[in-house]
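Please read the structure below before turning to the comments.
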Ligand SMILES: [Zn+2]
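In our numbering, the protein residues as written are 173 to 294.
The structure is reproduced here in structure tokens:
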């Protein structure tokens, strides 16, 4: 069952990583079970459907969706500099140069934004 104390889905692992909880707020609607029943909360229907489809794999699916979206954003909306890790990804629209390593998005943006730009003689 979901939410059983001490029996969460986290299994021992040896890759040096540890799964830690993050807060994800989902809208709920209050309802009453019968005329004198307990007050309960029901998640919005799209989330209920999501859990119905993916069952105990809903968190795994959520992580996979986030990773998929990030990959898409990096491919479509960002460019990479020579730095390492997350910092090498910059937004195409607003970040024309990496502040850390100084690399420009491309020659064109450099020509527009670099005050010290001079045409190379070849
Ligand atoms: Zn950089």
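Note that beta-carbon positions come from the ideal geometry of N, C-alpha and C, so glycine has one too.
Contact test: residue i Cβ vs ligand 1 heavy atom, cutoff 7 angstroms
i	result
residue 272	yes
residue 254	yes
residue 260	yes
residue 275	yes
C-alpha gap between residue i and residue j, whole angstroms
i	j	result
residue 256	residue 247	16 angstroms
residue 243	residue 264	15 angstroms
residue 287	residue 241	36 angstroms
residue 237	residue 231	10 angstroms
residue 223	residue 186	29 angstroms
residue 290	residue 283	8 angstroms
residue 227	residue 208	31 angstroms
Where residue i falls: helix, strand or coil (DSSP)
i	result
residue 173	Its pLDDT being 45, under 50, residue 173 is placed unreliably in this model, and the coordinates cannot settle the point.
residue 192	coil
residue 234	helix
residue 262	strand
residue 203	strand
residue 211	strand
residue 246	helix
Identity of the residue in the options nearest residue i by Cα
i	options	result
residue 272	234, 262 and 278	262
residue 182	269, 229 and 242	229
residue 266	253, 249, 197 and 192	249
residue 203	196, 275 and 212	212
residue 201	218, 281 and 276	218
residue 197	285, 281, 216 and 245	216
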